[in-house]
Amino acid sequence: MSGWNVIVIGGGHAGLEAAWAAAKFSRVALLIGNPATVGRMPCNPAVGGPGKSQLVFELQAMGGLMGRLADETAIHTRVLNASKGPAVQSLRVQNERDAYAERAQDVIFGHPNIDILRGEAADLESDGQGGWLVVTTDGRRLAARSVVVAAGTFMRGVTWYGRQSRAEGRQGEPPSRFLSAPLARAGHVLKRFKTGTPPRVRADAVNFAELLEIPADPNPRGFTGTPGPRAAESPTWQTHTTPETHRLIHENIHESPMYSGDIEGLGPRYCPSIEDKVVRFAHHDRHLLFVEPDGVQTSEVYLQGFSSSLPPHLQDALVRTLPGFEQAVIQRYAYAVEYDVVDSLELTLNLESKLMPGLFTAGQINGTSGYEEAAAQGLIAGTAAARRAGGEAEAFIGRETGYIGVLLDELVFKGSNEPYRMMTSRVEHRLLVRQDNADERMTPIGHALGLVDAPEVERVEAKYARVQAGIDALAAQRAQGQTGDAWLRRPEFTLPDVEALGVTLPELSAAEREAVEIRVKYAGYIRRAELQLRAEDRSRDLSLGGVDFAAIGSLSNEAREKLTRLQPQTVEQASRISGVRHADISALLVHLKGLGVSRET
Numbered sequence: 000m001s002g003w004n005v006i007v008i009g010g011g012h013a014g015l016e017a018a019w020a021a022a023k024f025s026r027v028a029l030l031i032g033n034p035a036t037v038g039r040m041p042c043n044p045a046v047g048g049p050g051k052s053q054l055v056f057e058l059q060a061m062g063g064l065m066g067r068l069a070d071e072t073a074i075h076t077r078v079l080n081a082s083k084g085p086a087v088q089s090l091r092v093q094n095e096r097d098a099y100a101e102r103a104q105d106v107i108f109g110h111p112n113i114d115i116l117r118g119e120a121a122d123l124e125s126d127g128q129g130g131w132l133v134v135t136t137d138g139r140r141l142a143a144r145s146v147v148v149a150a151g152t153f154m155r156g157v158t159w160y161g162r163q164s165r166a167e168g169r170q171g172e173p174p175s176r177f178l179s180a181p182l183a184r185a186g187h188v189l190k191r192f193k194t195g196t197p198p199r200v201r202a203d204a205v206n207f208a209e210l211l212e213i214p215a216d217p218n219p220r221g222f223t224g225t226p227g228p229r230a231a232e233s234p235t236w237q238t239h240t241t242p243e244t245h246r247l248i249h250e251n252i253h254e255s256p257m258y259s260g261d262i263e264g265l266g267p268r269y270c271p272s273i274e275d276k277v278v279r280f281a282h283h284d285r286h287l288l289f290v291e292p293d294g295v296q297t298s299e300v301y302l303q304g305f306s307s308s309l310p311p312h313l314q315d316a317l318v319r320t321l322p323g324f325e326q327a328v329i330q331r332y333a334y335a336v337e338y339d340v341v342d343s344l345e346l347t348l349n350l351e352s353k354l355m356p357g358l359f360t361a362g363q364i365n366g367t368s369g370y371e372e373a374a375a376q377g378l379i380a381g382t383a384a385a386r387r388a389g390g391e392a393e394a395f396i397g398r399e400t401g402y403i404g405v406l407l408d409e410l411v412f413k414g415s416n417e418p419y420r421m422m423t424s425r426v427e428h429r430l431l432v433r434q435d436n437a438d439e440r441m442t443p444i445g446h447a448l449g450l451v452d453a454p455e456v457e458r459v460e461a462k463y464a465r466v467q468a469g470i471d472a473l474a475a476q477r478a479q480g481q482t483g484d485a486w487l488r489r490p491e492f493t494l495p496d497v498e499a500l501g502v503t504l505p506e507l508s509a510a511e512r513e514a515v516e517i518r519v520k521y522a523g524y525i526r527r528a529e530l531q532l533r534a535e536d537r538s539r540d541l542s543l544g545g546v547d548f549a550a551i552g553s554l555s556n557e558a559r560e561k562l563t564r565l566q567p568q569t570v571e572q573a574s575r576i577s578g579v580r581h582a583d584i585s586a587l588l589v590h591l592k593g594l595g596v597s598r599e600t
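Numbering (numbering that gives the first Met the number 0), first residue to last: 0 to 600.
Structural data, given as structure tokens:
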């Protein structure tokens, strides 16, 4: 079959979202080596967490797929940072690993606009008319107007078990042997990155009584607003390393391919291997580890925080030093994987190659880590590819819109020299772009892009009309001499407390009540954040010409060094430099204000 507007290469989380999004516009081909691996969760079977759940809520609001799959296969849900403010609260959903992949395959394989093609891409050729030919290893020449490459960790992938390596994209799966070549031929700078996974341990060999049990939230939440039927069915657990763990690692560090110099790739700073943790943080006598099930009828558990590239015989000994794992049997050994990535500075904000127009990349090929980051990129790349193929105008998502905007902005303008991970600290105005208001922010954007239909937009608008009605009702009623909203702003008060005083609210859902409470309690902070955002927008063109960055003591050391070396001429240019954070930009603005002169370019 032919006639595709878009071909997506790869069936991981980026490829799934790219195909799902593009299929809303026209017919799509999904080219994969083995259909049985579509939707597989090769690392931890979980979705969400700090910085990541916000991405999934935004994906859901824009018509994406990941939130739906996560909710339908959830076995444990918790709101992290629940005792803190709404800007950093994050939903984390533990999933039944096999069910997630099965559900993803049901959705994608059954889609009337998605054709599944089995094969390996060997080359990418221009068709001379603005489109592309994907040449497969068996000689097929597949034509499309746009192509999305979502190759994950597979491009020239090599897995490492100690000093031993083999050509794999991940455990037991062959690499993508040829895709790096056409990208390099076009002028793309390819970098070598590294990531890894922890061992999986047979559940029947773990003494769970020795572990700290972490129950699911009794009232589970979901990305779609409807938690799955088993969302509170399983706990997770916690254990920790011991002095014996650390001793074994120190004595055998030469067996690690990272420390021996065998691995060239750069690993993730914020998700280091257990060897890295023990060596880099030698002052810690223990490191917490999270024991997470792969399903309700658990056959194996995942040791979150114990990623390793040490050889199997050492992994056996190391795992048995952990409380509760004295008799552990490893079912699948940890490994490191090294792979090619493109330099994301060579992409547009829609993840289109600047060197190969009509070719888009998404996921770990762009130097990111994590399912959620990959899915967000897949949605953007798939949408942009389909819109380009259909002759529609290009549309971009800005940094100010939320976490997806920040992810795109940082990849394209700052790049990364290590696997990039989304964190709440990367988002300057996170009080304005919370997970609870993702639908209000992103559903209209999804509609404008062609991903969300009008009834869904109307549903969201009606929801926030009810929220505003609830806020107005609080402001209009008094109890004991104070308005309802004044009572609610007291730190110790919640909505039920205010209602107990006789203040009444219109009928609202649980999500709407939460929105009312957040908007009333944090009204002053939200207003301040909005004013700051507007002030920063007005400051982007302020000149930095002649500024002595070395003399600004409130800058971080990294920012001071990079600003001095690169000499940006405007605040906007400074904000694009990797390592210059929001606090550094604020310090620059304070410095400029202290000069007492207008410095607009």
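From the three backbone atoms N, C-alpha and C, an ideal C-beta is built for every residue, glycine too. Predicted, not measured: the structure shown is a model, and the values here were computed from it.
Euclidean distance between Cα positions of residue i and residue j
i: residue 243; j: residue 23; result: 55 Å
i: residue 470; j: residue 536; result: 29 Å
i: residue 501; j: residue 478; result: 7 Å
i: residue 528; j: residue 356; result: 38 Å
i: residue 36; j: residue 251; result: 34 Å
i: residue 70; j: residue 585; result: 39 Å
i: residue 590; j: residue 549; result: 12 Å
i: residue 433; j: residue 463; result: 15 Å
i: residue 563; j: residue 281; result: 33 Å
i: residue 458; j: residue 113; result: 28 Å
i: residue 574; j: residue 297; result: 47 Å
i: residue 599; j: residue 570; result: Bear in mind that the predicted position of residue 599 carries a pLDDT of just 46, short of 50, making it unreliable; the figure below should be weighed with that in mind. Rounded to the nearest angstrom, the two C-alpha atoms are 10 Å apart.
i: residue 75; j: residue 231; result: 5 Å
i: residue 545; j: residue 567; result: 10 Å
i: residue 185; j: residue 354; result: 6 Å
i: residue 170; j: residue 60; result: 33 Å
i: residue 90; j: residue 78; result: 4 Å
i: residue 444; j: residue 139; result: 38 Å
i: residue 290; j: residue 237; result: 6 Å
i: residue 309; j: residue 288; result: 17 Å
i: residue 596; j: residue 466; result: Low local confidence applies: a pLDDT of 49 at residue 596 is under 50, so the model's placement there is unreliable, and no value is given.
i: residue 561; j: residue 578; result: 8 Å
i: residue 602; j: residue 480; result: It is not possible to answer for residue 602, since the shown part of the chain is limited to 0 through 600.
i: residue 200; j: residue 301; result: 7 Å
i: residue 176; j: residue 488; result: 59 Å
Reduced DSSP secondary structure (H/G/I, E/B, other) of residue i
i: residue 24; result: coil
i: residue 541; result: strand
i: residue 17; result: helix
i: residue 485; result: helix
i: residue 193; result: strand
i: residue 428; result: coil
i: residue 536; result: helix
i: residue 633; result: As displayed, the chain neither begins before 0 nor continues past 600, which places residue 633 out of reach and without an answer.
i: residue 238; result: strand
i: residue 365; result: helix
i: residue 119; result: coil
i: residue 643; result: Any property of residue 643 remains undetermined from this structure, which presents the chain solely from 0 to 600.
i: residue 332; result: coil
i: residue 441; result: helix
i: residue 507; result: coil
i: residue 401; result: coil
i: residue 47; result: strand
Whether residue i touches residue j by CB criterion (8 Å)
i: residue 592; j: residue 369; result: no
i: residue 374; j: residue 21; result: no
i: residue 94; j: residue 44; result: yes
i: residue 189; j: residue 408; result: no
i: residue 149; j: residue 475; result: no
i: residue 402; j: residue 104; result: no
i: residue 323; j: residue 209; result: yes
i: residue 249; j: residue 286; result: no
i: residue 247; j: residue 320; result: yes
i: residue 316; j: residue 205; result: no
i: residue 344; j: residue 372; result: no
i: residue 294; j: residue 97; result: yes
Burial state of residue i, where buried means 16 or more other Cβ atoms lie within 10 Å
i: residue 349; result: buried
i: residue 155; result: buried
i: residue 416; result: exposed
i: residue 136; result: exposed
i: residue 442; result: buried
(request) Return the chain-ordered ranges of every alpha helix (DSSP H) run that is complete within the stretch 63–99 and spans a minimum of 4 residues. (result) Counting only runs of 4 or more, we get 65–71.
(message) Runs of 3 residues minimum, wholly inside the stretch 117–162: which ones carry the beta strand (DSSP E) assignment?
(response) Those beta strand (DSSP E) runs which fall completely within the stretch 117–162 and span 3+ residues are 120–125, 131–135, 140–143, 145–148 and 157–160.
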